[in-house]
Amino acid sequence: MIEIDCSELRRMRASGAPHQLIDVREPYEAEACSIGGTLIPMGEIIERLTEIRRDVPVILHCKSGNRSAAVIQALESRYGFSGLMSLKGGIQAWSAEVEPLNCD
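Under numbering that gives the first Met the number 0, the first residue of the sequence shown carries the number 0, and numbering increases by one thereafter.
Quick look at the structure:
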């Protein structure tokens, strides 16, 4: 699995480079705080495979990086995806390193 750190994602977003950001947290978590992207909760990912692009880099994130890593492992081993990236440290790291968020 490939991890992308917050500074790399920030540069990617600032440059306008094509990518897809997917939040695999639950809706109530995304309502509390978000860094944008498409919300596809971990439990819905299989039913919503067609929403995951294969033509641009795809970055998945969650609160700390554990759920996004598990989703990537499943997508790559069972569904033929490759090159998916997990935001290292998740939204907690983003809040600490890039943009303070109130996720409580």
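Glycine included, C-beta positions come from ideal geometry on N, C-alpha and C.
Task: Integer Cβ distance of Arg-53 from Val-23, believed to fall under 8 Å - done: As a first step, residue 53 is located in the sequence shown; it is residue number 54 there, counting from the start. As a first step, residue 23 is located in the sequence shown; it is residue number 24 there, counting from the start. In fact, because the Cβ distance is near 17 Å, the residues do not count as touching under 8 Å.
Task: Neighbour-count burial assignment, Gly-36, 16 or more Cβ in a 10 Å radius - done: The residue given as residue 36 occupies position 37 in the sequence shown. Counting C-beta atoms within 10 angstroms of its own C-beta, Gly-36 has 16 or more neighbours from the protein chains shown and is therefore classed as buried.
Task: DSSP-derived helix/strand/coil call for Leu-48 - done: Translated into the one-based positions of the sequence shown, residue 48 becomes position 49. For Leu-48, the three-state secondary structure derived from DSSP is helix.
Task: Per DSSP, the bridge partner or partners of His-18 - done: Position 19 of the sequence shown holds residue 18. According to DSSP, residue pairing for His-18 in a beta bridge does not occur.
Task: Assigned exposure category for Met-0 - 16 Cβ within 10 Å defines buried - done: On the sequence shown, residue 0 is found 1 positions in, with the first residue counted as 1. Burial call: exposed.
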